[in-house]
Amino acid sequence: MSSTDRQSLKPLVYLTRIEKFCSAHRLNSRALDVQTNSQTYGKCNAVHGHNYTAEITLKGTVDAITGMVLDIAVLNEIIAQTVMKSLDHKNIDEDVPYFRDNDIVSTAENISVYIWKVIAERLPPNVTLDSIKLHETDKNVFVFRGEYA
Numbered sequence: 315m316s317s318t319d320r321q322s323l324k325p326l327v328y329l330t331r332i333e334k335f336c337s338a339h340r341l342n343s344r345a346l347d348v349q350t351n352s353q354t355y356g357k358c359n360a361v362h363g364h365n366y367t368a369e370i371t372l373k374g375t376v377d378a379i380t381g382m383v384l385d386i387a388v389l390n391e392i393i394a395q396t397v398m399k400s401l402d403h404k405n406i407d408e409d410v411p412y413f414r415d416n417d418i419v420s421t422a423e424n425i426s427v428y429i430w431k432v433i434a435e436r437l438p439p440n441v442t443l444d445s446i447k448l449h450e451t452d453k454n455v456f457v458f459r460g461e462y463a
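349 is the number that this note's numbering gives to position 35 of the sequence shown; each next residue is one higher, with no gaps.
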């Protein structure tokens with residue numbers, strides 16, 4: 315790529331916002347009987363909680379006028395109204411309609427997908443969601459990039 319071509323392109327920048335929230339849940343599938351749920355999920359078949367850390371990464375071009383991919387205040391408000399309002403200090407299985415009404419097991423994998431869905435629908439068209447990285451514990455981290463197989 316020539317320097318002339320590169321000058322006509324806008325820089326693509328990744329922006330990550332880190333938020334922490336506390337939630338309770340129980341790993342339990344209505345499709346499984348009591349014994350199979352207990353065998354499948356072990357101690358996590360009982361109601362328990364986590365102090366989650368979510369890393370929300372967006373990507374977009376740097377606006378020539380503002381110098382930003384997205385105003386951080388706008389991103390903070392999106393996260394506050396979607397992730398924090400629905401998940402922080404909530405029982406995910408009982409308080410979040412996405413899980414409660416659709417029989418979705420509240421695994422960290424599915425929580426990552428949920429966070430993706432609620433944030434992606436609120437972003438302006440010039441910004442895309444790159445990934446959701448959800449730390450359930452210090453040792454268990456889940457990444458969703460919007461991919462389906």
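Just so you know, even glycine gets a beta-carbon here, dropped at the ideal spot from N, CA and C.
Report the option in the options whose CA atom is closest to the CA atom of residue i.
i, options, result
"Arg459", "Asn440, Glu391, Pro439 and Tyr428", "Tyr428"
"Leu401", "Val327, Asp452 and Glu333", "Glu333"
"Leu443", "Asp347, Thr375 and Ser337", "Thr375"
"Lys447", "Ala422, Leu346, Ala360 and Ala368", "Ala368"
"Glu435", "Asn405, Leu389 and Tyr462", "Leu389"
"Val504", "Ile386, Asp407 and Glu461", "Nothing can be reported for residue 504: it is not among the residues displayed for the chain, which extend from 315 to 463."
"Val455", "Ser445, Asn359 and Gln321", "Ser445"
Give the straight-line distance between the Cα atoms of residue i and residue j, rounded to the nearest whole angstrom.
i, j, result
"Gly356", "Leu341", "9 Å"
"Pro325", "Phe335", "32 Å"
"Tyr328", "Ser420", "28 Å"
"Leu384", "Lys399", "21 Å"
"Pro438", "Glu450", "28 Å"
"Asp409", "His339", "10 Å"
"Asp415", "Arg344", "12 Å"
"Val255", "Ile433", "Given that the chain is displayed from residue 315 to residue 463, the structure contains no residue 255 and the question cannot be resolved."
"Ser426", "His364", "14 Å"
"Asp452", "Ala422", "13 Å"
"Gln349", "Ala378", "59 Å"
"Leu372", "Asp347", "40 Å"
In the structure shown, what three-state DSSP assignment does residue i receive?
i, result
"Gly356", "helix"
"Ile433", "helix"
"Asn440", "coil"
"Ser337", "strand"
"Asp447", "Note that residue 447 is Lys in the sequence shown, not Asp. Strand at Lys447."
"Ala368", "strand"
"Arg414", "helix"
Could you check if residue i is buried or exposed, using at least 16 other CB atoms within 10 Å of its CB as the buried criterion?
i, result
"Ala394", "exposed"
"Asn351", "buried"
"His403", "exposed"
"Tyr366", "buried"
"Thr380", "exposed"
"Val397", "buried"
"Ser322", "exposed"
"Ile392", "buried"
Going by the C-beta, is residue i closer than 7 Å to any heavy atom of the ligand COA?
i, result
"Ser400", "This structure lacks the ligand COA, and indeed carries no ligand of any kind."
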